[in-house]
Amino acid sequence: MIFVTVGTQPNGFLRCLKEVEKLIDTYGITEEVVAQIGYTNFLTDKFTTIPFTGENEFKEYIKKASVIITHAGSGAIFSSIKLGKRIIAMARLHDFNEMADNHQTELVKKLSDGGYIIDGTYSLVDAWPKLEKFVPRANDFQCDIVPVLDKYMSDLMK
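Per the working numbering, numbering of the sequence shown is gapless, rising by one per residue and ending at 159.
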């Protein structure tokens, strides 16, 4: 199963979900795809969509997934890294009115450069073939980094 999560931002993340449709069509993906779409107004017959999940249900989807396609929220990314998942992250971009700034691109770049994830910010179709040889770097963080990053990002927004 491929699990897609776009987070819970009120403005949704339509670009990511359209890219998932394109990805399925381009590569003829037949594996089950489940997407947590939050507030995104989106209908498709290509994969299963659910608006929101509880924390435990979210963790179960991540555990079951062979691949995670995610927005660049630190919680989703680091939860997946902890479980050794293959992750393609698509940062929300200011240019598309998806975020107030481009801070998510910085996180994706650092984690991609470090070998933890694949950067799919501009194209999931281009990122997908990289999965074939991708072995994610093991979680070697010395602390629970999610609260640290959340505080850092909050401080940046002040």
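C-beta atoms are modelled at their ideal positions from N, C-alpha and C, and glycine is treated no differently.
With distances taken from CA atoms, which of the options is nearest residue i?
| i | options | result |
| --- | --- | --- |
| M2 | I88, F14, K23 and N42 | I88 |
| T9 | S113, H95, N42 and D114 | N42 |
| N140 | G13, I78 and T106 | I78 |
Using DSSP with H/G/I as helix, E/B as strand and the rest coil, what is residue i?
| i | result |
| --- | --- |
| T6 | strand |
| D46 | coil |
| R138 | coil |
| D26 | helix |
Between residue i and residue j, is the Cβ-Cβ spacing less than 8 Å?
| i | j | result |
| --- | --- | --- |
| L125 | E56 | no |
| S80 | L108 | no |
| T71 | A92 | no |
| V7 | L18 | yes |
| I228 | F4 | Missing from the structure shown is residue 228; the chain here goes from 2 to 159 and no further. |
List the residues that DSSP assigns as beta-bridge partners of residue i.
| i | result |
| --- | --- |
| M91 | H72 |
| Q37 | T6 and I51 |
| I119 | I89 |
State whether the region 47-56 contacts the region 10-26, with contact taken as three or more CB pairs (one from each stretch) at a distance under 8 Å.
yes
Does the region 102-119 come close enough to the region 130-138 that 3 or more CB-CB pairs lie under 8 Å?
yes
Can at least three beta-carbon pairs, one atom from the region 95-105 and one from the region 55-69, be found at a separation below 8 Å?
no
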